[in-house]
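K.L.:
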Amino acid sequence: MRTMRALFRYEAQNALKMVASFYGAMFGCIAVMLLIVQGLTGEAIFTTVPGIDLLAMVLAIVVGAVAMSENYRYFKQNGFTRRAIFLGDLFGFALGAAIVAGVGALLPVVARGFIPGYLSAVMQVYGSETSALASWALLFFSYLCLASGAYFIGAFTLRLGKRRALVVGIVVFLLVMVVGPAIFAFRGPALALGRVTDGFLNFLGFSAGMAPQIWPAVATVAVLCVVAIALVYVVMRRFEWRW
0 MRTMRALFRY
10 EAQNALKMVA
20 SFYGAMFGCI
30 AVMLLIVQGL
40 TGEAIFTTVP
50 GIDLLAMVLA
60 IVVGAVAMSE
70 NYRYFKQNGF
80 TRRAIFLGDL
90 FGFALGAAIV
100 AGVGALLPVV
110 ARGFIPGYLS
120 AVMQVYGSET
130 SALASWALLF
140 FSYLCLASGA
150 YFIGAFTLRL
160 GKRRALVVGI
170 VVFLLVMVVG
180 PAIFAFRGPA
190 LALGRVTDGF
200 LNFLGFSAGM
210 APQIWPAVAT
220 VAVLCVVAIA
230 LVYVVMRRFE
240 WRW
């Protein structure tokens with residue numbers, strides 16, 4: 000129990016450091032730009048900063064990849080089991096997701112005191128009346144899904160080994176960049192792809208003739224998040240580092 004507490008404490012500290020560094024850099028750059036522009040022109044440069052939410056999703060991918068490449072080896076060398084490492088990293092992802100989602104949901108409320116009409120990236124897509132709870136839920140599951148997805152890709156790659164991973168990477172690249180476009184150039188596959196795309200957009204809340212709905216998107220991303228975590232668990236159950 001004491002060992003698991005140490006693991007969770009390490010994961011919490013690591014998540015807090017990553018998120019604090021990210022937002023410190025982002026808000027620092029924004030503050031400097033605001034001061035310079037307002038000092039020169041007397042006008043505000045920003046009416047919205049969607050890059051904060053979008054770059055937070057990039058942070059999720061980086062966190063997931065780093066957790067597999069660095070945390071696993073560190074914890075394994077210190078005697079932790081694969082299950083303990085998986086639970087610890089998942090806890091770190093969830094904590095980071097909760098903080099990022101909280102900042103993303105509350106930032107528009109605070110920013111409107113300085114920048115009238117400020118909209119987050121979520122509000123730009125799903126409307127300015129989107130509730131803070133809905134924004135938080137979508138950002139939380141999006142961050143957790145991307146971090147878990149990157150974690151799965153890292154685990155799967157390391158389990159395959161360098162040579163097999165290289166072969167799989169080349170095959171996937173050829174399928175996506177060469178075979179896929181050639182197949183979907185024909186009418187039948189193109190129509191099938193269009194139906195799949197339309198269905199996925201419906202799941203994200205974009206129905207024809209209707210305003211975007213955020214809660215279907217939250218449910219869809221939550222399901223994808225569960226799938227990503229399940230895939231990680233399947234790979235981690237008998238994980239062997241082959242590099």
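Residues 0 to 242 in numbering that gives the first Met the number 0 are what the sequence shown spells out, letter by letter. Virtual Cβ for every residue (Gly too), placed ideally from N, Cα, C.
Excluding five sequence neighbours on each side, which residues of the same chain lie with their C-beta closer than 7 Å to the C-beta of Leu-53?
P.N.:
Within the sequence shown, numbered from 1, the residue matching residue 53 stands at position 54. Answer for Leu-53: Ala-120, listed in chain order.
K.L.:
Using a Cβ-Cβ cut-off of 8 Å, state whether Val-195 counts as contacting chain D.
P.N.:
Although the question refers to chain D, the structure presented lacks it and comprises just one protein chain.
K.L.:
Taking only three categories from DSSP, how would you classify Leu-203?
P.N.:
As a first step, residue 203 must be located in the sequence shown, where it is residue number 204. In the structure shown, Leu-203 sits in coil (DSSP, three-state: anything other than H, G, I, E or B).
K.L.:
By a C-beta neighbour count over all protein chains shown, 10 Å radius and 16 as the cutoff for buried, is Cys-144 buried or exposed?
P.N.:
Taking the first residue of the sequence shown as position 1, residue 144 is located at position 145. So Cys-144 counts as buried.
K.L.:
Report the CB separation of Val-18 from Gly-95 in whole angstroms; it is logged as a contact under 8 Å.
P.N.:
As a first step, residue 18 is located in the sequence shown; it is residue number 19 there, counting from the start. As a first step, residue 95 is located in the sequence shown; it is residue number 96 there, counting from the start. Contact holds; Cβ gap of about 6 Å.
K.L.:
Return the Cβ separation of Phe-85 and Leu-6 in integer angstroms, given the expectation that the two are a contact with Cβ distance under 8 Å.
P.N.:
What you label residue 85 is simply residue 86 of the sequence shown in a count that begins at 1. What you label residue 6 is simply residue 7 of the sequence shown in a count that begins at 1. So it is not a contact: roughly 11 Å between Cβ atoms.
K.L.:
Which parts of the stretch 103 to 185 are runs of the beta strand (DSSP E), unbroken and 3 residues or longer, counting only runs that do not cross its ends?
P.N.:
List check, beta strand (DSSP E) in window: nothing returned.
K.L.:
Quick check: the Cα distance between Asn-70 and Val-177, rounded to an integer number of angstroms?
P.N.:
Translated into the one-based positions of the sequence shown, residue 70 becomes position 71. Translated into the one-based positions of the sequence shown, residue 177 becomes position 178. About 36 Å.
K.L.:
Please name the residue, chosen from Leu-138, Met-209, Met-3, that lies closest to Arg-82 on a Cα-to-Cα basis.
P.N.:
Your numbering for residue 82 matches position 83 in the sequence shown. Of the candidates Leu-138, Met-209, Met-3, the one whose C-alpha sits nearest the C-alpha of Arg-82 is Met-3.
K.L.:
Would you call the stretch 105 to 117 in contact with the stretch 154 to 165, where contact means no fewer than 3 C-beta pairs closer than 8 Å?
P.N.:
The stretch 105 to 117 is not in contact with the stretch 154 to 165.
K.L.:
Please report the Cβ distance between Leu-138 and Ala-104, rounded to the nearest whole angstrom; I am assuming they are in contact, meaning their Cβ atoms lie under 8 Å.
P.N.:
Your numbering for residue 138 matches position 139 in the sequence shown. Your numbering for residue 104 matches position 105 in the sequence shown. Yes, they are in contact, since the Cβ atoms of Leu-138 and Ala-104 sit about 7 Å apart, within 8 Å.
K.L.:
Going by other Cβ atoms of all chains shown within 10 Å of its Cβ, with 16 needed for buried, is Ser-134 buried or exposed?
P.N.:
In the sequence shown, the residue the question calls residue 134 occupies position 135. Buried, since its Cβ has 16 or more Cβ neighbours within 10 Å.
K.L.:
Please go through the same chain and pick out, in chain order, the residues whose beta-carbon is closer than 7 Å to the beta-carbon of Ala-59, but skip the five residues on each side of it.
P.N.:
Within the sequence shown, the letter at position 60 stands for residue 59. For Ala-59, where only same-chain residues beyond five positions count, the Cβ hits under 7 Å are Tyr-142, Leu-145, Ala-146.
K.L.:
Give the DSSP-derived three-state secondary structure of Gln-76 in the structure shown.
P.N.:
For this step, residue 76 is matched to residue 77 along the sequence shown. Here Gln-76 sits in helix by DSSP.
K.L.:
If you check the beta carbons only, do Ile-228 and Leu-89 fall under 8 Å apart?
P.N.:
Within the sequence shown, numbered from 1, the residue matching residue 228 stands at position 229. Within the sequence shown, numbered from 1, the residue matching residue 89 stands at position 90. In this structure, Leu-89 lies closer than 8 Å to Ile-228 by Cβ.
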